[in-house]
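A.B. asks: Those protein sequences? They're chains H and W, same order as listed.
Take 2 as the starting number for the first sequence in our numbering and just add one per residue.
Take 87 as the starting number for the second sequence in our numbering and just add one per residue.
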Amino acid sequence: MIELKNLTKSFGDKTVTKNLDLTVDDGEFLAIIGRSGEGKSVLLKQIIGLIHPTSGSVIIDGQDITKLSKNDLKPVFKKCGYVFQFAALLDSLSVFENVGITLLEEDWPVEKIKPLVIEKLRNVGLDESILDRYPNELSGGMKKRVGLARTLMLSPKVLIYDEPTTGLDPITVRLIHELIKKTHIEQKTTTIVISHDIDIFNYATQVAMLHQGKIVYKGPTKDIWECKNPYIYQFIRGLTEGPIEQIGFVKD
Amino acid sequence: MGINFIDVLGKKTIEFCQALGDLGLFGYETLESLFSTKLKLKKVFYHMNYIGVNSVGVVGLVGGTVGAALAMQSYIGLERFGASQFIGPIVYIAMTREFGPVFAAIMVIGRAGSAITSELGTMRITEQIDALQTLCIDTKQYLVVPRLIAATIIMPFLSIFCTLFGVAAGYVVAVYALGINPQVYTQAIIENVELTDIVNGLIKAIVFGFLLTIITTYKGFYARGGATGVGIAITQSVVYSILTVVVADYILTSLMFIK
């Protein structure tokens, strides 16, 4: 179980998350939605320990990870896999080296790593023909799949996706969402996804909305279109009128 | 006006101390990674090739040019006193003690140091370093340690190379342009060779290699602010590295050569 308690993160004068509380149960598939610039990625990076909060706690399976030093965070990274928005594949390494990097660094022999890498690639719908390709030779969707395959190498209990469908065409968006759902079921993971795409409601079981540094709503996705919460109502329908202000736009 | 000046000065002093502390911590963490994890020799050799072998051309060119200019400049001064036979030792001592290590370091900073900052900075802003961290990979061991060892090992060789080219170019200028007897040039050098000059020059090169790698990797490792931020990081890494090498050179010279 992941519990965020009074989580606050400030960068200089700007406070991104403000006394935020959120609980994610084991096996839950949570979609976090919110406007661009609300600090969703910062929230996820605090969950995994990549960003240290200004105050508050992140409790994963009873352990407050904000109290851990950099070196002690390794078990957290093993438990919680993070799939980056633009995959964050290492440019200078091939697909094989990217996916197998953790084992290569532990000096495993290549012949033992290769079948594992191929298995993970197959799990995400890719075949071994791309093993020797470099990230700049892959499409956006393929990069995200390779990024997921790389994360799966650690067999994490929790999978965190930072906007996995940004910049993809609708068909690829659907395929990536199906892949996330399939991985969630097959690997029996707790899944947290940041998304702007309302298609995610067809796959996630819970939805939470981040607004002005706080979770203003959390509930099941199956009732989302009947939800009367004004923030959710405005956001999922893309309405300009409502409690969510239009920052940076001049009204006619 | 006065208070404003003090305000700015205080702010800059705090920023400087903070940056120095961060750099020190970065260096400490790197050394901790160096001694606590297994060294990847393949990566070290790769970076030795990139930093060292690929820099040989420019280092040789600069060493030769400096040696040639030094021979000419010292001839102008020494001829007035009828001491032009000392051109050789002057070129040799200046190149071994000062110009060899310093110019080799400056050329490595310009060629390889800027590339290191650029590479690590790009990795930082595209979240590749964060990705390594989430994959339980020691980022300092993976990205900094091999470069640090490679540069520290290769710098003395580049310094020797720079010195040899300088002395050789000095010979060519002294003999063929200034009409100095070739035997006088070489004999005077042989008579003035001291092992401490060579050793101290090499120690300087090792220290410069260490310092320039720590600074250039640090600036790249913590680059932020997109492409502009990486550009700023590169500029700062080159300027700070050269300044550090020059200041370290003075400090080392004071410690080594003043009797």
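Ideal Cβ positions, reconstructed from N, Cα and C, are used throughout, including at glycine.
Source: prediction; values computed, not measured.
Could you pull the start and end residues of the alpha helix (DSSP H) that Ser283/H belongs to?
C.D. replies: Chain H is shown only over 2 to 253; residue 283/H falls outside these bounds and no answer can be derived.
A.B. asks: Counting pairs of beta carbons, one from the segment 296–316 of chain W and one from the segment 248–256 of chain W, are three or more of them closer than 8 Å?
C.D. replies: Verdict: no, contact absent.
A.B. asks: Enumerate, from N- to C-terminal direction, the unbroken beta strand (DSSP E) stretches of 3 or more residues contained entirely within the segment 116–197 of chain H.
C.D. replies: Within the segment 116–197 of chain H, the complete beta strand (DSSP E) runs of at least 3 residues are 159–162, 191–195.
A.B. asks: If we cut at 9 Å on Cβ distances, does Arg134/H have a partner in chain W?
C.D. replies: By this cut-off, Arg134/H is not an interface position.
A.B. asks: Do Val194/H and Leu153/H have their C-beta atoms within less than 9 Å of each other?
C.D. replies: For Val194/H and Leu153/H, no; Cβs fall outside 9 Å.
A.B. asks: Quick check: the Cα distance between Leu229/H and Val84/H, rounded to an integer number of angstroms?
C.D. replies: Residue identity check: residue 229/H is Lys in the sequence provided, not Leu. The straight-line gap from Cα to Cα measures roughly 32 Å.
A.B. asks: Assess contact between the segment 280–290 of chain W and the segment 225–240 of chain W, defined as three or more Cβ pairs (one per stretch) separated by less than 8 Å. Is contact present?
C.D. replies: Verdict: no, contact absent.
A.B. asks: For a contact meaning CB atoms closer than 8 Å, what does Leu51/H contact in chain W?
C.D. replies: Result: Asp216, Gln219, Thr220.
A.B. asks: So which of Gly146/W, Met181/W, Ala157/W has the shortest CA-CA distance to Phe172/W?
C.D. replies: Of Gly146/W, Met181/W, Ala157/W, the residue nearest in Cα terms is Ala157/W.
A.B. asks: If I'm right that Tyr204/H touches Phe30/H with Cβ under 8 Å, what's the distance once you round it to whole angstroms?
C.D. replies: So it is a contact: roughly 7 Å between Cβ atoms.
A.B. asks: For a contact defined as C-beta to C-beta under 8 Å, what are the partners of Leu91/H on chain A?
C.D. replies: The structure shown contains no chain A; its protein chains are H and W.
A.B. asks: Report the three-state DSSP secondary structure of Thr16/H (helix, strand or coil).
C.D. replies: Note: Thr16/H maps to strand in three-state DSSP.
A.B. asks: For Ile328/W versus Ile195/W, is the C-beta spacing smaller than 9 Å?
C.D. replies: Their beta carbons are under 9 Å apart, which means Ile328/W touches Ile195/W by this criterion.
A.B. asks: Below 6 Å CB to CB, which residues in the same chain sit around Lys182/H once its five sequence neighbours on both sides are set aside?
C.D. replies: The residues are Tyr204.
A.B. asks: Got a sec? Which residues, its chain only, sit under 8 Å from Ser200/W by beta carbon, not counting five neighbours each side?
C.D. replies: Around Ser200/W: Thr302, Ile320, Ser323, Val324.
A.B. asks: Only counting the same chain, and skipping five residues up and downstream in sequence, which positions put a Cβ closer than 7 Å to that of Val145/W?
C.D. replies: For Val145/W, where only same-chain residues beyond five positions count, the Cβ hits under 7 Å are Ala190, Met193, Leu244, Phe247, Cys248.
A.B. asks: The alpha helix (DSSP H) spanning Ile349/W covers which residue range?
C.D. replies: With chain W represented from 87 up to 345, any question about residue 349/W goes unanswered, as that position is not in the structure.
A.B. asks: So is Glu205/W buried or exposed if we call it buried at 16+ other beta carbons inside 10 Å?
C.D. replies: When all chains shown are included, Glu205/W counts as buried.
A.B. asks: Using CA atoms only, rank isn't needed, just tell me which of Leu105/H, Val100/H, Asn99/H is closest to Lys128/W.
C.D. replies: The residue with the shortest Cα to Cα distance from Lys128/W is Leu105/H.
A.B. asks: Return the chain-ordered list of same chain residues with a C-beta closer than 8 Å to the C-beta of Ala254/W, the five sequence neighbours on each side being excluded.
C.D. replies: Same-chain partners within the cutoff: Gly150, Gly153.
A.B. asks: So Thr190/H packs on Leu155/H, CB below 8 Å; how close in whole Å?
C.D. replies: That pair is no contact at about 11 Å.
A.B. asks: Let me make sure I understand the geometry here. Which of Phe236/H, Met210/H, Val147/H has the alpha-carbon closest to that of Glu120/H?
C.D. replies: Closest option to Glu120/H, Cα to Cα, is Val147/H.
A.B. asks: Please determine if the segment 234–241 of chain H and the segment 260–272 of chain W are in contact, where contact requires at least 3 C-beta pairs separated by less than 8 Å.
C.D. replies: Contact between the segment 234–241 of chain H and the segment 260–272 of chain W is absent, because fewer than three Cβ pairs lie under 8 Å.
A.B. asks: Can you tell me where the alpha helix (DSSP H) holding Tyr232/H begins and where it ends?
C.D. replies: Unbroken alpha helix (DSSP H) run through Tyr232/H: 231–238.
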